[in-house]
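S.K.: I am attaching a structure below and will ask some questions about it afterwards.
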Amino acid sequence: SFDGREVLAIVQRALIVTFSNSAVRNQFENVGDFAIDQIGALLLPEDHAIFARLYALVYQSSEFPAGTFTVHQENVTRVLSDGSTQTYTIGCRADQALLGGTQCKDARGQPCASASVADATLTDIDFSTLSSQSGWQNNIALLSVVEYFFFYMRLVFSKQNWASVVAAGNRGLGTTTLASDGTLVETPAIFAIAANGSRSLTQSTAAANGIIWNCVASELLLTEMYIANFTLKLIQDALVAHNLYQATDIVK
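Per the UniProt record's numbering, residue 1 is the first one in the sequence shown, and the count goes up by one each step.
Structure, rendered in structure tokens:
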């Protein structure tokens, strides 16, 4: 597992190598992809470890939700038809931060053949206890830094035009705005995450200025809203510094 400083250092070094090593950059440009598994012969010895770690993190990020959620609360403002507002919170509690599993055994103690087995015994499982090397100790939001980095770097080399990369937007929430107090203004996409199929739940919760405890929703807001833009800005700064792909300070 890696902490935040280590992940940031890996990403920043990968940016330096990618845009400073012309042979590496040309390889990515020629294939139109951030094909990090095709540059081994082009790397200096000290950079092999960096891209090996990046590759490992990209692989693990594809295993979502194999990790822990971030204990986090996000205030959301709903603007009503009459112009008034309601504020509610989407949050993740510490006791919900691990998405565990369930073991099902039938009356004979055998694994359940289906979800409709009669007299089944269900037991919660904490996957993090199964293996210290399983990756469940990693933070999902931290892994999303790597996921977004890889996603946007692939766009960089497929489009080779920074404005086109930014125009692709983030993958889920699209354009969002902040209220005067700094809270997120609810959009249809944010509502869909919060509601999780239950409009009455979010309406009653919003009316009571309450909290919707949903770690998946909380993590999606954290990653799609903040980490996506943070990662874009990292890449943008590197491109501007190297005067590549018509990059300008689009992302603030």
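Heads up, the beta-carbon is just placed ideally off N, CA and C, and yes, glycines get one too.
Could you tell me which residues DSSP pairs with residue 91 in its beta bridges?
M.R.: DSSP, once it has assigned bridges, lists 73, 213 as partnering residue 91.
S.K.: Our contact map puts residue 89 next to residue 211 with C-beta atoms below 8 Å; I'd like the distance itself, whole angstroms only.
M.R.: Their Cβ separation, rounded to whole angstroms, is 4 Å, which keeps residue 89 and residue 211 in contact under 8 Å.
S.K.: Would you decide whether residue 107 is buried or exposed? Buried here means 16 or more other CB atoms lie within 10 Å of its CB.
M.R.: Under this definition residue 107 is an exposed residue.
S.K.: Would you mind stating whether residue 145 and residue 240 have Cβ atoms separated by less than 8 Å?
M.R.: Taking 8 Å as the Cβ cut-off, residue 145 and residue 240 do not qualify as a contacting pair.
S.K.: Could you give the first and the last residue of the continuous alpha helix (DSSP H) run that contains residue 36?
M.R.: That residue, residue 36, is in no alpha helix (DSSP H); it is neither H nor E in DSSP.
S.K.: Could you check how far apart the C-beta atoms of residue 36 and residue 19 are, in whole angstroms? I think they sit under 8 Å.
M.R.: The pair is not a contact, with the Cβ atoms about 14 Å apart (cut-off 8 Å).
S.K.: In three-state DSSP terms, what is residue 79?
M.R.: Strand at residue 79.
S.K.: Can you tell me whether residue 236 is buried or exposed, with buried defined as 16 or more other CB within 10 angstroms of its CB?
M.R.: So residue 236 ends up on the buried side.
S.K.: Flag this pair as yes or no: are the beta carbons of residue 4 and residue 142 separated by less than 8 Å?
M.R.: In this structure, residue 142 lies closer than 8 Å to residue 4 by Cβ.
S.K.: Taking the C-alpha atoms as reference points, what is the distance between residue 246 and residue 149?
M.R.: If you take the alpha carbons of residue 246 and residue 149, they lie about 19 Å apart.
S.K.: Once DSSP output is grouped into helix, strand and coil, what is the label at residue 198?
M.R.: Note on residue 198: pLDDT 49, under 50, position unreliable in the model; the coordinate value appears next. Correct three-state label for residue 198: coil.
S.K.: Taking the straight line between their C-alpha atoms, what separation do you get for residue 184 and residue 105?
M.R.: Taking the straight line from one Cα to the other gives about 44 Å.
S.K.: Per DSSP, what kind of secondary structure is residue 240 in: helix, strand or coil?
M.R.: Residue state, collapsed to three classes: helix.
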